[in-house]
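Reading through the structure tokens given below for one structure.
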Amino acid sequence: MRKQRILLLLIIILTSNTALGQATDSLKNAMLEKIKYSERFKENIYEFKGKELPKFELNLLNGKKLNSESLKGKPTVINFWFSNCTSCIEEMPLLNEIKSELGNGVNFISMTFQKSNEVNEFLKTHDFNFTHIVNSKDYIKTFGTFGYPKTLILDKNLVIVEIEKMIPKDTENEEKNKAEFKAQLSEKLTELRKR
């Protein structure tokens, strides 16, 4: 943020010479827009690390309700996703593997703003073996602006201890990145189960 302001100031000083004409004005305007956009799209979700999960009572895919208080006593994974998110879909097999390995010692929750019918349609062609919270747009807004997917790791008292972003995109190291993502999540959850 500070670097951006210094850069902007430098650009304004260097381009204030009127001999450079209109081209510099458009450059200044483009830089101003870029800075405004980056400030506007700051991912607020990271501000929740170390804090207790905001309480909820939300709709499950099966029509029942889930109250956040019922998750206490076990570590919890909450994965924010939606069906048109390629990165979300790519990490689902790894999340399923972690769930399979850790079993009932951890709560595995998926949360989406999408409606039940959309999620049911998606699950006909994709395996995602979590408990699904649907139609949770208003609750998701609690976390502000963020990119998908995001995975929250909570301790037994529902304190957010980690916020994982998507698996890095790097075709040369794709398998390594997936293995590291899975290992980090598994290690953290195993540690939290022991506490």
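Under mature numbering (1 follows the signal peptide of the UniProt record, and there is no 0), residues -21 to -1, 1 to 174 are what the sequence shown spells out, in order. Here a beta-carbon is modelled for each residue, glycine too, at the ideal position from N, C-alpha and C.
Next on the checklist: Tell me which residues share the same chain as Ser17 and place their Cβ nearer than 6 angstroms to its Cβ, disregarding the 5 neighbours each side in the sequence.
Outcome noted: Bear in mind that the predicted position of Ser17 carries a pLDDT of just 45, short of 50, making it too unreliable to give a figure here.
Given the structure, does Asn136 come close to the ligand HEM, in the sense that its CB is under 7 angstroms from one of the ligand's heavy atoms? The ligand HEM is absent from the structure shown, which contains no ligands of any kind.
- Message: For Val56 and Glu100, I'd like the C-alpha separation in whole angstroms.
- Response: 23 angstroms
If you scan the stretch 24 to 50 from start to end, which runs of the alpha helix (DSSP H) of 4 or more residues do you find wholly inside it?
none
* To do: Find out if the Cβ-Cβ distance for the pair Ile68, Leu164 is shorter than 8 angstroms.
  => no
Q.
Let's see if you can read the secondary structure: which residues bound the alpha helix (DSSP H) around Phe101?
A. 95 to 102
* Pair every Cβ in the stretch 108 to 115 with every Cβ in the stretch 141 to 153, then say whether three or more of these pairs are closer than 8 angstroms. => no
- Query: How close, in whole Å, do the beta carbons of Ser47 and Lys34 come, if the pair is a contact with beta carbons under 8 angstroms?
  - Reply: 5 angstroms
Worksheet item: Alpha carbon to alpha carbon, how far is Leu171 from Lys135?
Response: 7 angstroms
Beta-carbon gap between Leu137 and Lys28 smaller than 8 angstroms: no
Q.
Give me the residue from Ser95, Leu133, Thr121, Phe122 with the minimum Cα distance to Lys43.
A. Ser95
_Give me the residue from Asn83, Ala162, Pro54, Arg174 with the minimum Cα distance to Glu70._
Ala162
*State yes or no: is the C-beta of Val85 within less than 8 angstroms of the C-beta of Thr91?*
no
Quick one: what does DSSP say Ala162 is sitting in, helix, strand or coil? helix
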